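K.L.:
Protein chains in written order, with full-length UniProt numbering: chain V, 1 to 488; chain W, 1 to 488. This is the structure I want to talk about, given as structure tokens.
Structure follows, in structure tokens:
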């Protein structure tokens with residue numbers, strides 16, 4: 001059961017069920033987060049709401065009669081189709097119109113959506129997402145706050161938890177746009193070794209147990225990880241590794257930033273048709289989706305980041321963060337002091353889509369399952385073409401990803417790797433193909449404890465399989481041809 | 001003419017026309033902003049775009065055929081009505097539907113709006129706002145970047161320009177939600193005295209010329225000001241004061257953060273009907289709106305913040321920042337490293353509204369003029385009721401605001417002011433009325449040079465006149481009655 005406190009509520013109630021030894025969450029905070037004050041104007045208005053019927057002459061809020069939008073209609077696929085994604089792509093399926101109104105009944109009135117709102121998002125939207133969270137992760141006693149997508153959420157978490165001079169842990173290849181965002185805050189990254197199955201727990205343990213605060217500064221208290229379709233390697237952590245990692249985080253008192261935008265895009269799921277028929281898509285999905293760190297988080301040390309970017313559209317710029325209520329409160333205060341609150345149009349859309357006039361949570365899960373089938377088809381096409389056009393030459397190989405959007409293609413030499421890969425990247429570009437070179441994602445080890453330098457391990461490309469069939473066929477043909485030109 | 005560079009362009013071209021002595025904008029930046037790296041993935045993709053027809057297997061972007069939205073319709077007032085706001089409020093006017101499509105022609109395709117986009121916003125939207133800017137401010141050679149509203153824009157400017165230990169200048173009563181947001185960054189606020197007409201230029205000069213870096217630390221290099229309907233005092237700076245302030249900023253090399261959400265809500269405008277008929281609403285408005293700091297900014301020292309919150313709706317969470325292209329570029333890098341880019345739905349709406357199938361820029365100005373008339377009516381009603389129900393007692397007085405949403409009501413004692421005003425605030429609350437006490441907005445002077453303490457000048461309330469007629473009548477009746485109970 002997820003507990004959704006009002007913005008004012010203290011941590012006490014929400015902490016019931018979380019381990020007592022960890023309720024002092026303030027010690028994880030950055031100096032910036034610790035010194036942040038609540039918005040004085042919101043505080044006053046909170047006091048004022050105590051009495052019903054109070055007249056508000058305090059705020060500069062335009063009256064809803066002056067909003068120049070009375071209705072927003074969204075044309076979406078009907079979720080009653082057997083395979084809604086296929087029907088939608090082929091244009092053969094039914095469409096539905098879901099509507100938000102200013103002056104008529106709907107899931108979330110535009111009067112509310114277009115007014116100033118709460119930093120954590122509007123209650124209806126948070127409740128719908130908490131419901132979805134509950135059914136998928138059954139997280140012990142956590143709070144949902146909306147974000148503007150995972151980049152917004154993650155960079156806010158960095159500001160919440162990181163002081164200049166702090167070291168944070170991450171996978172040795174990771175989404176560098178985000179790790180770079182932490183550098184100007186004075187946060188150093190400590191890379192953890194990976195293998196074909198992702199982050200290696202024993203290496204995490206090695207780094208922490210051999211950490212020398214006298215030489216290396218404060219021991220890391222944050223792990224940033226992408227557990228599903230790890231970006232860029234495409235690997236998905238096994239349950240065993242997740243449990244080991246959570247245990248290590250518990251032992252060394254580490255906050256886990258679980259950045260999971262690809263979580264819902266899983267393949268070869270082996271869904272139970274009878275569970276779907278009996279209990280619906282959400283329960284059937286919950287049975288087969290990987291177990292999140294959030295789902296095992298009895299310490300309240302996980303901040304889980306979910307996003308609509310991959311399952312609706314990136315331009316939505318909406319997602320949600322699930323964490324203990326203390327962190328949620330601090331995150332909301334940062335939002336009050338920055339982006340203020342999530343945009344009303346996106347919240348209106350989500351409220352209607354997940355509401356009773358839209359798809360509902362279960363319909364949304366049906367769409368996602370259908371999306372998984374389509375992406376699985378593309379992944380399979382990619383791997384088939386890869387075998388025919390690329391692997392035959394012996395110059396490249398790849399594991400089959402079980403989730404997400406990426407294939408991590410091993411190719412090229414293991415000596416003078418960085419230079420030769422750079423040359424190969426340019427040759428591909430010259431032949432009209434962009435794949436992301438591993439060097440873009442490599443985190444250099446400044447502790448010097450890792451043995452071989454990461455530059456010797458950058459013999460990989462990140463390729464996506466979510467483009468059109470034509471992109472897959474033509475792109476991989478170019479790739480295979482270029483490898484032969486390059487290596488022969 | 002506004003110059004809209006691509007995200008990659010260097011500062012050189014855009015700086016032509018700005019004074020040469022000020023082109024080294026890097027020295028204004030915070031250490032954080034200076035050390036920020038460009039997004040490595042975007043850099044690679046930029047390189048890739050050089051060659052037309054390049055196949056992109058680099059990015060994890062969902063294909064547009066999988067966005068589950070094919071069309072968004074917005075029902076808006078027809079701008080052909082004589083007085084569109086009155087027709088809209090009374091429900092007698094025509095409505096228009098403006099639409100964004102994924103697969104049909106429109107101002108901004110949903111394929112673009114729902115994809116990953118640029119931190120500064122999409123070109124169509126930036127161009128439309130640059131056009132509006134041009135026609136209103138004719139700014140010398142500036143760049144437009146979208147924001148998520150002025151809270152987002154302003155707090156990003158704080159991070160861009162402020163280091164721990166820096167002092168920034170602001171009005172002695174100001175929008176404390178924003179000044180508070182700067183405190184955890186280690187920025188100290190230095191208040192400037194105000195009178196009935198707003199910020200007093202001679203006091204700004206006094207503070208700067210008497211600044212002792214040995215005692216007070218680095219001289220302030222940033223002024224945060226709200227020139228129209230200053231929040232909370234409702235005052236609007238005269239042209240003469242603006243010119244004096246700009247000159248002082250020039251002399252002391254100060255960046256002006258021009259936070260102007262109420263700019264378009266001006267009253268007693270004395271619009272020229274013949275200009276409207278001959279040249280349209282935009283030119284007629286441009287003739288009578290106050291001259292912005294931006295319009296006089298030949299140094300490139302103004303970052304102007306505009307918002308849709310007051311002229312469309314707060315929940316839009318969209319606005320725009322206009323600045324020299326160097327700052328624009330740094331701002332975009334911060335956006336890349338935080339909120340990523342503005343939401344697609346809002347951008348789609350703005351593109352259609354300001355496009356040829358919507359109101360267009362001139363239609364938007366017609367709406368704003370109509371809005372001004374309605375707010376002027378409310379202001380006049382407020383002042384009438386105020387005279388009858390409040391001023392007659394002699395316990396309160398107020399100037400007539402010429403813009404925005406607020407009346408700054410002087411009331412109460414000038415000795416033991418803070419305590420008595422707090423008591424009065426509670427009494428009002430008890431009687432069912434919220435007005436914002438001046439203490440909420442007061443910036444204490446830490447330099448000790450200001451003479452009397454601000455706590456002796458907090459004998460004011462900020463009241464809004466933008467509520468319904470009923471709110472105005474009942475609220476002011478309660479206010480008048482409470483004052484009599486309190487003071488008699």
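Ideal Cβ positions, reconstructed from N, Cα and C, are used throughout, including at glycine. Predicted model only: the values in this text are computed from it and were never measured.
When Cβ atoms are compared, which residues of the region 315–345 of chain V fall closer than 8 Å to chain W?
P.N.:
Residues 315, 316, 317, 318, 336, 337, 338, 339, 340, 341, 342, 343, 344 and 345.
K.L.:
Looking at the ligand HEM, does it come within less than 7 Å of residue 124 of chain V, judged from the CB to the closest heavy atom?
P.N.:
The ligand HEM is not part of the structure shown, which contains no ligands of any sort.
K.L.:
Report all residues from its chain with a CB closer than 6 Å to the CB of residue 198 of chain W; omit the five preceding and five following residues, and keep chain order.
P.N.:
The count along the second chain starts at 1 and reaches residue 198 of chain W at position 198. So the list reads 230, 235 and 237, once near-sequence residues are dropped.
K.L.:
Can at least three beta-carbon pairs, one atom from the region 405–419 of chain W and one from the region 295–302 of chain W, be found at a separation below 8 Å?
P.N.:
Segments in contact, no.
K.L.:
Provide the residue(s) that pair with residue 304 of chain V in DSSP beta bridges, ordered along the chain.
P.N.:
The residue labelled residue 304 of chain V in the question sits at position 304 within the first chain. Paired residue(s): V:258 and V:322.
K.L.:
Near residue 413 of chain W, which residues of its chain fall below 7 Å by C-beta distance, leaving aside the five closest residues on each side in sequence?
P.N.:
What you label residue 413 of chain W is simply residue 413 of the second chain in a count that begins at 1. So the qualifying residues of the chain are 420 and 459.
K.L.:
Just checking my contact of residue 63 of chain V with residue 466 of chain W at CB under 8 Å: how many whole Å lie between their CB atoms?
P.N.:
By one-based count along the first chain, residue 63 of chain V stands at place 63. By one-based count along the second chain, residue 466 of chain W stands at place 466. That belief holds up - the Cβ atoms of residue 63 of chain V and residue 466 of chain W are roughly 6 Å apart, short of 8 Å.
K.L.:
Can you check which of these residues, V:474, V:404, V:305 and V:387, is closest to residue 157 of chain V by C-alpha distance?
P.N.:
Along the first chain, read from residue 1 onward, the residue named residue 157 of chain V stands at position 157. Of the listed residues, the one whose Cα sits closest to residue 157 of chain V is V:305.
K.L.:
List the whole-angstrom C-beta distance separating residue 289 of chain W from residue 263 of chain W, where the pair is believed to meet the contact cut-off of C-beta under 8 Å.
P.N.:
The residue labelled residue 289 of chain W in the question sits at position 289 within the second chain. The residue labelled residue 263 of chain W in the question sits at position 263 within the second chain. Right, the Cβ-Cβ distance comes to about 7 Å (below 8 Å), so this counts as a contact.
K.L.:
By the criterion of Cβ-Cβ separation under 7 Å, what are the contact partners of residue 117 of chain W in chain V?
P.N.:
Looking up residue 117 of chain W in the second chain gives position 117. Per Cβ cutoff of 7 Å: 315.
K.L.:
Within 10 angstroms of its Cβ, does residue 472 of chain W collect 16 or more other Cβ (buried), or is it exposed?
P.N.:
Along the second chain, read from residue 1 onward, the residue named residue 472 of chain W stands at position 472. That one is buried.
K.L.:
Alpha carbons only, please: which of W:484, W:439 and W:432 is nearest the one belonging to residue 395 of chain W?
P.N.:
As a working mapping, residue 395 of chain W is identified with position 395 in the second chain. Comparing Cα positions, the closest option is W:484.
K.L.:
Span of the alpha helix (DSSP H) holding residue 201 of chain W?
P.N.:
Your numbering for residue 201 of chain W matches position 201 in the second chain. Here the alpha helix (DSSP H) through residue 201 of chain W covers 201–209.
K.L.:
Pairing CB atoms from the region 141–161 of chain W with CB atoms from the region 198–217 of chain W, are three or more of them under 8 Å?
P.N.:
Cβ pair count under 8 Å is below three, so no.
K.L.:
When you compare only the Cα positions, how much space is there between residue 358 of chain V and residue 352 of chain V?
P.N.:
If you number the first chain from 1, residue 358 of chain V lands on position 358. If you number the first chain from 1, residue 352 of chain V lands on position 352. Cα-Cα distance, rounded: 5 Å.
K.L.:
Do the region 98–111 of chain W and the region 272–280 of chain W make contact, defined as three or more Cβ pairs closer than 8 Å?
P.N.:
Result no; under three Cβ-Cβ pairs closer than 8 Å.
K.L.:
Determine the DSSP secondary structure at residue 488 of chain W, reduced to helix, strand or coil.
P.N.:
Numbered from 1 along the second chain, position 488 holds the residue referred to as residue 488 of chain W. Note: residue 488 of chain W maps to coil in three-state DSSP.
K.L.:
Compare the C-beta of residue 478 of chain W with all C-beta atoms of chain V and state if any pair is closer than 8 Å.
P.N.:
Here residue 478 of chain W is taken as the residue at index 478 of the second chain, counted from 1. So yes, residue 478 of chain W belongs to the interface.
K.L.:
Out of V:425, V:77 and V:100, point me to the one whose CA is closest to residue 89 of chain V's CA.
P.N.:
The count along the first chain starts at 1 and reaches residue 89 of chain V at position 89. The shortest C-alpha separation from residue 89 of chain V is found at V:77.
K.L.:
Indicate whether residue 475 of chain V and residue 55 of chain W have their beta-carbon atoms separated by less than 8 Å.
P.N.:
Here residue 475 of chain V refers to the residue found at position 475 when the first chain is read from its first residue. Here residue 55 of chain W refers to the residue found at position 55 when the second chain is read from its first residue. Closer than 8 Å, so yes.
K.L.:
Count the other CB atoms within 10 Å of the CB of residue 452 of chain W; is the residue buried (16 or more) or exposed (fewer)?
P.N.:
The residue you call residue 452 of chain W lines up with position 452 of the second chain. Residue 452 of chain W comes out exposed.
K.L.:
Is residue 318 of chain V closer than 8 Å to residue 146 of chain V when the C-beta atoms are compared?
P.N.:
The sequence position of residue 146 of chain V within the first chain is 146, counting from 1. The sequence position of residue 318 of chain V within the first chain is 318, counting from 1. Yes, these two residues count as a Cβ contact at 8 Å.
K.L.:
Between residue 444 of chain V and the rest of its own chain, which residues show a CB-CB distance below 7 Å, the 5 nearest in sequence each way excluded?
P.N.:
Position 444 of the first chain holds residue 444 of chain V. Closer than 7 Å at Cβ, skipping near neighbours: 454.
K.L.:
Could you give the first and the last residue of the continuous beta strand (DSSP E) run that contains residue 69 of chain W?
P.N.:
For the purposes of this step, residue 69 of chain W is taken as the residue at position 69 of the second chain. Here residue 69 of chain W belongs to no beta strand (DSSP E), and DSSP marks it neither H nor E.
K.L.:
If you compare alpha carbons, which of W:265, W:266 and W:344 is closest to residue 120 of chain W?
P.N.:
In the second chain, residue 120 of chain W corresponds to position 120, counting from 1. Checking every option, the nearest Cα to that of residue 120 of chain W belongs to W:344.
K.L.:
With a threshold of 8 Å between beta carbons, is residue 454 of chain W in contact with chain V?
P.N.:
Numbered from its first residue, the second chain carries residue 454 of chain W at position 454. Cβ-Cβ to chain V under 8 Å: no for residue 454 of chain W.
K.L.:
Would residue 233 of chain W pass as an interface residue toward chain V - the criterion being a Cβ-Cβ separation below 8 Å?
P.N.:
Counting from one through the second chain, the residue named residue 233 of chain W turns up at place 233. Judged by the 8 Å Cβ criterion, residue 233 of chain W is not in contact with chain V.
K.L.:
Is the beta carbon of residue 136 of chain V sitting closer than 8 Å to the one on residue 201 of chain V?
P.N.:
What you label residue 136 of chain V is simply residue 136 of the first chain in a count that begins at 1. What you label residue 201 of chain V is simply residue 201 of the first chain in a count that begins at 1. The answer is no: Cβ separation not under 8 Å.
K.L.:
Which two residues bound the contiguous alpha helix (DSSP H) that contains residue 136 of chain V?
P.N.:
Here the question's residue 136 of chain V lines up with position 136 in the first chain. From DSSP, the alpha helix (DSSP H) with residue 136 of chain V extends over 123–137.
K.L.:
When DSSP labels each residue in this structure, what does residue 241 of chain W get in the three-state scheme?
P.N.:
As a first step, residue 241 of chain W is located in the second chain; it is residue number 241 there, counting from the start. Three-state DSSP puts residue 241 of chain W in a helix.
K.L.:
Could you tell me whether the region 181–195 of chain W touches the region 370–386 of chain W, where touching means 3 or more Cβ pairs closer than 8 Å?
P.N.:
They do not touch, by the three-pair rule.
K.L.:
Quick check on the burial criterion: 16 or more other C-beta atoms within 10 angstroms. Buried or exposed for residue 126 of chain W?
P.N.:
Counting from 1 along the second chain, the entry for residue 126 of chain W is found at position 126. Buried: at least 16 other Cβ atoms inside 10 Å.
K.L.:
Rounded to a whole number of angstroms, what is the C-alpha to C-alpha distance between residue 83 of chain W and residue 129 of chain W?
P.N.:
In the second chain, the residue the question calls residue 83 of chain W occupies position 83. In the second chain, the residue the question calls residue 129 of chain W occupies position 129. Each residue's Cα considered, the two are about 24 Å apart.
K.L.:
With a threshold of 16 other CB atoms inside 10 Å of the CB of residue 207 of chain W, please say whether the residue is buried or exposed.
P.N.:
Walking along the second chain from the start, residue 207 of chain W turns up at place 207. Residue 207 of chain W should be labelled buried.
K.L.:
Does any CB atom of chain V fall closer than 8 Å to the CB of residue 405 of chain W?
P.N.:
The residue you call residue 405 of chain W lines up with position 405 of the second chain. Yes, because at least one Cβ of chain V sits closer than 8 Å to the Cβ of residue 405 of chain W.
K.L.:
So that I know if they touch, is there some Cβ in chain A lying closer than 8 Å to that of residue 82 of chain V?
P.N.:
Absent from the structure: chain A. Protein chains present are V and W.
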